[in-house]
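Enquirer: All residue numbers for the sequence shown refer to this note's numbering, where the first residue is -12 and numbers rise by one.
Below is one structure. I have some questions about it.
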Amino acid sequence: MSEKKAYPLRINAEVLSAVQRWADDELRSLNAQIEYVLRDALRKAGRMPKAGVPEETPVEGDET
């Protein structure tokens, strides 16, 4: 299981309320819904590393 880090989030009250309703509809906690939305956006933007692939790939020929 990956490490979880706490992060204080300041968010518009209307946005928070909408995400809470969405989480309730999908039977998720607010925290799980926020993480789901972020992961989905990262995946769609091509910014989420694939499972099992290191985030930094060594440059070919770099022996350091």
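Glycine included, C-beta positions come from ideal geometry on N, C-alpha and C.
Computed from a prediction, not measured in an experiment: that's the story for all the values here.
From what residue to what residue does the alpha helix (DSSP H) around I21 run?
Expert: Element bounds for I21: L17 to K31.
Enquirer: Suppose you measure from the CA of K37 to the CA of R26; what does that come to, to the nearest Å?
Expert: Cα to Cα, K37 sits roughly 12 Å from R26.
Enquirer: Report yes if the CB atom of Y23 is closer than 8 Å to the CB atom of R34, and no otherwise.
Expert: In this structure, R34 does not lie closer than 8 Å to Y23 by Cβ.
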